[in-house]
Each structure stands twice: as structure tokens, then as C-alpha cells.
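Novice:
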DNA sequence: CAAACGTGGAC
DNA sequence: TGTCCAAGTTT
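Numbering (the working numbering), first residue to last: 101 to 442.
1. Over the uninterrupted alpha helix (DSSP H) stretch that includes residue 361, give me the two end residues.
2. Taking C-beta to C-beta, are residue 267 and residue 280 nearer than 9 Å?
3. Assuming contact is defined by CB atoms lying nearer than 9 Å, are residue 286 and residue 114 in contact in what I supplied?
4. Hey, would you say residue 102 sits closer than 9 Å to residue 283, going by beta carbons?
5. Considering only the alpha carbon of each residue, which of 263, 293, 152 lies closest to residue 247?
6. Give me the Cα-Cα distance between residue 186 and residue 177, rounded to the nearest whole angstrom.
7. Tell me the rounded alpha-carbon separation between residue 361 and residue 195.
8. For residue 327, which of 315, 395, 136, 123 has the nearest alpha-carbon?
9. Can you grab the Cα-Cα spacing for the pair residue 356 / residue 222, in whole Å?
10. Return the chain-ordered ranges of every alpha helix (DSSP H) run that is complete within the segment 158-188 and spans a minimum of 4 residues.
11. Name the DSSP beta bridge partners of residue 250, please?
12. Assess, as a yes-or-no matter, whether the segment 207-218 is touched by the segment 141-161 under the definition of 3 or more beta carbon pairs within less than 8 Å.
13. Can you give me the C-alpha to C-alpha distance between residue 252 and residue 318, rounded to a whole angstrom?
14. Start and end of the alpha helix (DSSP H) containing residue 143?
15. Around the Cβ of residue 112, are there at least 16 other Cβ atoms within 10 angstroms (buried) or fewer (exposed)?
16. Based on the DSSP secondary-structure assignment, which residues constitute the bridge partners of residue 296?
17. Rounded to the nearest angstrom, how far is the Cβ of residue 148 from that of residue 126, given a contact under 8 Å?
18. Starting from residue 271, trace the alpha helix (DSSP H) both ways and give me its first and last residue.
19. Quick one: residues in its chain with C-beta nearer than 8 Å to the C-beta of residue 151, no 5 flanking neighbours on either side, listed in chain order?
20. Could you name the residues of the same chain whose beta carbon sits closer than 6 Å to that of residue 226, not counting the 5 residues immediately before and after it, in chain order?
21. Which same chain residues end up closer than 6 Å to residue 298 when comparing Cβ atoms and leaving out the 5 residues on each side of it in sequence?
22. Going by other Cβ atoms of all chains shown within 10 Å of its Cβ, with 16 needed for buried, is residue 303 buried or exposed?
23. For residue 328, write down the residues that DSSP places opposite it in a beta bridge.
24. Let me check understanding here. Comparing Cα to Cα, which of 255, 165, 398, 365 lies closest to residue 380?
25. For residue 363, which residues from the same chain have a beta carbon less than 7 Å from its beta carbon, with the 5 sequence-adjacent residues on both sides left out?
26. Provide the residue span of the alpha helix (DSSP H) that contains residue 126, from first to last.
27. Buried or exposed: which applies to residue 61, given that a residue is buried once 16 or more other Cβ atoms fall within 10 Å of its Cβ?
28. Does the Cβ-Cβ distance between residue 272 and residue 295 come in under 9 Å?
29. Name the DSSP bridge partner or partners of residue 286?
30. Taking only three categories from DSSP, how would you classify residue 342?
31. Residues in its own chain within less than 6 Å of residue 116 by CB, not counting five upstream and five downstream?
32. Got a sec? Which residues, its chain only, sit under 6 Å from residue 412 by beta carbon, not counting five neighbours each side?
33. Which whole-angstrom value is the C-beta distance of residue 189 and residue 245, which I expect to be below 8 Å?
34. By how many angstroms is the C-alpha of residue 192 removed from the C-alpha of residue 200?
35. Mark residue 291 as exposed unless 16 or more other C-beta atoms lie within 10 angstroms of its C-beta, in which case mark it buried.
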């Protein structure tokens with residue numbers, strides 16, 4: 101039996117019943133793939149349901165306001181996915197008036213669609229012979245082939261793509277790709293893989309050599325850079341709430357006026373300089389992003405903080421953690437929508 | 001090509 | 001509690 105046959109047989113046995121598997125509508129498949137980029141099924145599922153209900157087809161998504169799309173996306177993270185998805189919906193309606201693009205070559209040109217998503221949509225929706233290579237596939241293949249070098253290098257990456265393409269039997273891509281990824285998600289897991297349930301066990305190099313906990317190897321990330329952000333809260337600061345620009349973290353999100361320093365000591369903001377006594381430290385928090393450790397300090401710019409109560413009233417889990425919003429994100433429809441107080 | 005992008009679950 | 005990491009893409 102070929103590898104692909106073994107994978108598909110196991111898949112039919114263990115597959116989860118997921119809404120985007122009960123359709124061949126390329127729009128819904130694309131929607132699910134964008135939502136699931138770097139996102140677990142359990143986290144993305146409610147968002148898929150919300151989007152497929154709010155926008156049943158690509159035209160309705162294209163006709164929506166971007167603010168409305170972003171509001172539905174609140175809490176999912178990687179917000180550029182939502183902006184790209186919306187822009188791409190508009191582009192598809194314009195350039196493909198009577199059919200959703202389903203070929204790899206058409207899809208790869210669109211915003212927010214890279215090699216993985218183009219292969220996924222073209223294979224799932226049209227059974228095009230494209231082998232998907234995502235985190236699951238990298239893990240399964242690197243273990244199976246016993247690749248002990250770091251997988252995040254171009255040569256190793258190409259080798260994995262070569263093996264993935266070799267495993268694919270023509271005409272089976274839709275099923276085969278799902279099967280391979282489902283194996284990675286449910287059995288060949290990152291930690292504690294269930295090798296005793298794996299149909300590839302007898303031929304797996306990592307299992308044979310006891311290396312499943314060391315493969316795939318990834319070169320470790322750079323140490324986090326420390327940054328100090330001082331936010332000035334208070335009734336007066338509300339009128340200075342601004343949207344963050346490009347080229348740094350939290351792009352497009354909203355925040356209170358701040359200054360960034362090289363260390364724990366704050367500096368007065370020009371807007372407030374000389375206008376009050378020394379700001380009072382309200383609270384400190386730490387926030388980690390990919391390669392940054394943010395030290396965040398909240399300062400009160402004046403004594404009466406009545407307006408802060410208004411913010412707390414619409415607070416979400418981030419307020420629960422830090423006491424104050426760092427950036428105004430999912431708790432604030434008014435700010436995401438760019439209306440209300442702005 | 002390295003770095004940036006978000007959040008929540010697992011250990 | 002801290003680290004890893006999850007159906008990647010963009011710059």
C-alpha cells in the first residue's frame with residue numbers, strides 16, 4: 101500500500117466533522133483557510149460560523165464595510181488577515197464576476213493567499229494536484245524522514261516540499277491533503293504524539309530512533325527586546341486617543357497618549373508638560389509580543405478620573421488582566437469602528 | 001530572509 | 001509561571 105492510501109484510510113476513520121469539510125464552495129473553503137492560518141480549529145470555528153452567516157458569499161463580504169469586517173474579527177488576532185481578506189473579496193468580485201477562482205495560479209496572486217492557502221483551496225475545492233505544506237505536514241514528514249536539521253531553512257524546506265509532492269497521488273489531492281494534516285493535528289502532534297495510533301509508525305524514522313520529541317527542530321527565536329511604554333490616562337487624555345500607524349506593533353489599533361523611554365523612568369508628554377503636577381503611577385503591566393517584552397506603565401494625568409469608569413464599563417479580558425486597556429481592541433466597538441468618541 | 005504579526009491552550 | 005506553538009503571509 102502506498103503512503104497516501106494508508107493516510108486516507110486512517111483519515112476516514114478519525115476525521116473531525118467540521119463545517120468547511122461539508123462544502124465544496126471555494127469561497128467558504130477560502131474563508132476557513134484564512135481564519136485557520138496560525139489558528140487552532142477550536143479558536144477559529146466560532147469565527148467561521150459568524151462570517152459564513154454574516155457573509156454567505158464573496159459578494160456580500162466585498163460589499164461590507166471594512167470596520168464591520170474588523171469588528172467580526174475582533175479577538176482572533178493577526179488583523180491584517182481580515183483586511184487582506186476583505187480587499188481580496190472586492191478584487192475577486194471585480195476580476196472574477198461569475199466564478200470564484202479555484203486554480204493555484206489564480207489564487208496565489210491574491211492578497212493574503214500564499215503557497216499554503218493557494219494549494220489548500222485549489223486542492224479542496226477543485227481537487228487540483230497540489231500538495232499542501234503547513235506546520236502539520238512539516239512535522240509529519242520531518243519525523244517520518246528523520247530530518248534532524250532545523251526545518252526552517254530553505255534547503256530543508258525544499259526537501260520537505262519534494263517529499264510532500266512525491267506522496268501525493270494524482271487525482272486524490274482533496275482527500276490526501278486533509279488526511280495528512282489531520283494526522284498531524286490529531287496523532288503526529290507536536291508534543292506527546294500518539295505513535296501507537298499512527299498508520300506510518302512502521303516506516304517512521306523518528307519513531308524508530310526515538311526522536312519524535314526532537315523533530316522537527318527549529319532554530320530558536322532571538323531574545324526578546326525590552327521596551328518601556330508610558331501611557332497617560334485620565335479625562336484629559338481621552339481627547340488625545342490616537343490610532344497607531346505603520347511600522348511598529350499594534351498597527352491600526354487605538355491607544356491613549358504615551359511616551360516610550362529606554363528605561364523605567366517616564367518623561368512628560370508635550371501635550372501635558374507644565375500643565376499639572378507629577379503624574380501619579382496607577383499600575384504596571386508586562387505584555388509579551390513575538391520578540392518583545394513590553395513594560396507598560398499607566399500614569400494618571402489628573403485626579404478626577406470619571407471618564408475612566410466609562411472605559412472600564414466596556415472592558416474585556418484585557419482590562420481584567422491589566423486594569424486598564426493598553427490598546428483599544430476587541431472590547432471597543434466604537435473605536436474599532438472609528439466612530440463614537442473619535 | 002529575518003522579523004513582525006495575536007491569541008489561547010497545553011504542559 | 002514561562003515557554004512553546006497553531007491549517008502562514010507579508011515586507
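Every residue gets a Cβ at the ideal spot worked out from N, C-alpha and C, and that includes glycine.
Specialist: A quick look at the data gives this:
1. Careful: residue 361 lies outside any alpha helix (DSSP H), inside the beta strand (DSSP E) at 358-361.
2. yes
3. yes
4. Contact annotation: residue 102 and residue 283 have beta-carbon atoms that are not nearer than 9 Å.
5. 263
6. One C-alpha to the other measures close to 15 Å.
7. 48 Å
8. Of the candidates 315, 395, 136, 123, the one whose C-alpha sits nearest the C-alpha of residue 327 is 395.
9. Our two residues, residue 356 and residue 222, have alpha carbons roughly 44 Å apart in a direct line.
10. 158-163, 166-173
11. 317
12. no
13. 6 Å
14. 141-154
15. exposed
16. Beta-bridge pairing links residue 296 to no other residue.
17. The Cβ separation is near 15 Å, so there is no contact.
18. Unbroken run through residue 271: none, as it is neither H nor E.
19. 131, 135, 161, 172
20. 202
21. Correct list, in chain order: 287.
22. Residue 303 comes out exposed.
23. 361, 395
24. 398
25. If we look at residue 363 and ignore the five residues flanking it on each side, its Cβ neighbours are 328.
26. For residue 126, the enclosing alpha helix (DSSP H) stretches over residues 126-135.
27. In the structure displayed, the chain extends from 101 to 442; residue 61 sits before or after that span and is not available.
28. no
29. Per DSSP, none; premise fails for residue 286.
30. strand
31. none
32. At residue 412, the pLDDT of 33 sits below 50, so the modelled position is not reliable; the number obtained from the coordinates is stated separately. There are no such residues.
33. Going by Cβ atoms, the distance from residue 189 to residue 245 rounds to 39 Å, so no, they are not a contact pair.
34. Between residue 200 and residue 192, the C-alpha separation is close to 7 Å.
35. exposed
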